[in-house]
Each structure stands twice: as structure tokens, then as C-alpha cells.
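The block underneath contains the structure these notes are about, expressed in C-alpha cells.
Numbering (the working numbering), first residue to last: 32 to 191.
In C-alpha cells, the structure reads:
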């Protein structure tokens, strides 16, 4: 059928009735979706809420509780995301061990190293902060670590 041509006329009375009934039900639904639903949908390719980045705790004034609250909320979201990333890496390694059982020590070694590096980075940032950790405690931990490394050298060299 060439563009612009009309579909062939249907001589079947029942099929014409069924098409008319379908059009009566479908037309309002299609109109509502195209004119109301689609223009009001949010156009983003992800399925979770995206939060805007807020100032970190070191950028907040000491007498600004709103900035402090936003920095703490951002810190908790970041910690939850980093913890989930660590959990996914752990599950990938465990799955690899399960499926590559006889020679999993060689096949899964890159996954294990990636997991250990991520675990070390997570512990450097969030470890030893306790259950009630907030952005200020994490900032102080980072500051103390930087001072210690400035005086004694990188921490990774001390453990080897």
C-alpha cells in the first residue's frame, strides 16, 4: 500500500462493526494518553529519583543548620550507594565462586581484587564511624587521616 492510499473497503459487516466498536473504546483512551499523560510524564532515562548535589559539610557555615542537614542527607545517600556497590561486587565474586568451583581461585581473582580494593576504599571513608555516623564525623576522620599521612607517610605503606 502506497502512502496516502486508503485501506481497502471491508465488505464484511461483522468486521466493520467490530472495528467501529474498537474505535469507540480506543479513541478516548488514546486521546487521554497522548494529550494528558505523555505531556506530563517526566522525561528521564532512569527509574530512581535523582537528587541534586548539595554543598559538602566543609562548605557549610557553622551556624547554618539547613546546609548541615542537606550535607548529612547527601552523606547518608552516598554511603547507601557505596554500600550497595560493595554488596554487588561481593555477590558477583560469590556467584563466580559458585559457578567456577574447581578453578575459582584463578578465574575469580580479578573480581576478588576489585572487591578488596572497593572494600578498602569503603572502610577508609566510612569505617569506624559507627551506626550514627554523619558528615561532620566523616569529615573529621578524613582530616585526621590526612594529617597522619602528612606526618608519617601513606597508610598503605605502613601495613606492608
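Just so you know, even glycine gets a beta-carbon here, dropped at the ideal spot from N, CA and C.
Considering Cα atoms alone, identify which of 175, 108, 69 is closest to residue 80. The shortest Cα separation from residue 80 among 175, 108, 69 belongs to 108.
What three-state label does DSSP hand residue 139 in the structure shown? Residue 139 carries a coil assignment under DSSP once its states are collapsed to helix, strand and coil.
What's the call for residue 48, buried or exposed, on a 16-neighbour Cβ count within 10 Å? Looking at its Cβ environment, which holds fewer than 16 other Cβ atoms inside 10 Å, residue 48 is exposed.
For the candidate residues 145, 86, 186, whose alpha-carbon lies nearest to that of residue 101? Closest option to residue 101, Cα to Cα, is 86.
Mind checking whether residue 198 and residue 156 have CB atoms under 8 Å apart? The chain is shown from 32 up to 191; residue 198 falls before or after that span and cannot be answered.
Buried or exposed by the 16-neighbour rule on C-beta atoms within 10 Å, applied to residue 136: With fewer than 16 other Cβ atoms within 10 Å, it is exposed.
Any idea what DSSP makes of residue 131, helix, strand or coil? If DSSP states are grouped into helix, strand and coil, residue 131 belongs with coil.
Cα-Cα separation between residue 179 and residue 171, rounded to whole angstroms: Their Cα atoms are separated by approximately 12 Å.
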